[in-house]
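Take a look at the structure below.
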Amino acid sequence: MQKEKNTELKVVDIRYYKTRRGVGYQCRTNIHGVEICNDGNGGPTFVDGYKLATSAGVRRERLDDEWHLESLIDEHEKEKELKQ
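So the sequence shown is residues 7 to 90, counted in the numbering used here.
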């Protein structure tokens with residue numbers, strides 16, 4: 007029986023940008039080619055590189071949970087603030 011990986015996704019850098027309807031963001035993660043994004047036009051936060059993330063061992067329910075993705079961004083912002 008093969009043991010499943012359980013890799014945790016982590017935000018390592020964030021780029022914010024203005025849009026016509028608000029603020030969008032693009033977050034680099036600890037997995038190459040996987041980003042957490044929001045286009046700033048009122049849509050949900052989503053994972054770009056979903057297949058790469060699942061191949062790396064990130065659980066699908068974590069990738070599909072917008073609140074979890076937002077919490078990863080909050081964690082990164084908090085760590086960044088503590089370092090300053």
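From the three backbone atoms N, C-alpha and C, an ideal C-beta is built for every residue, glycine too.
In the displayed model, K24 falls within a strand according to three-state DSSP. From the listed residues K11, D70, G46 and I79, the smallest Cα separation to R27 is found for G46.
For G39, the closest alpha carbon among the candidates G30, G48 and S61 is that of S61.
A check of alpha carbon separations from E14 across I79, W73 and G63 identifies G63 as the nearest. A check of alpha carbon separations from N36 across G30, G49, V18 and T25 identifies V18 as the nearest. Around the Cβ of E81, a 10 Å sphere holds fewer than 16 other Cβ atoms; the residue is exposed. Assigned with DSSP and collapsed to three states, D70 falls in coil, not helix or strand.
Closest in C-alpha terms to E76, from the list E41, E87, K89 and L88, comes E41.
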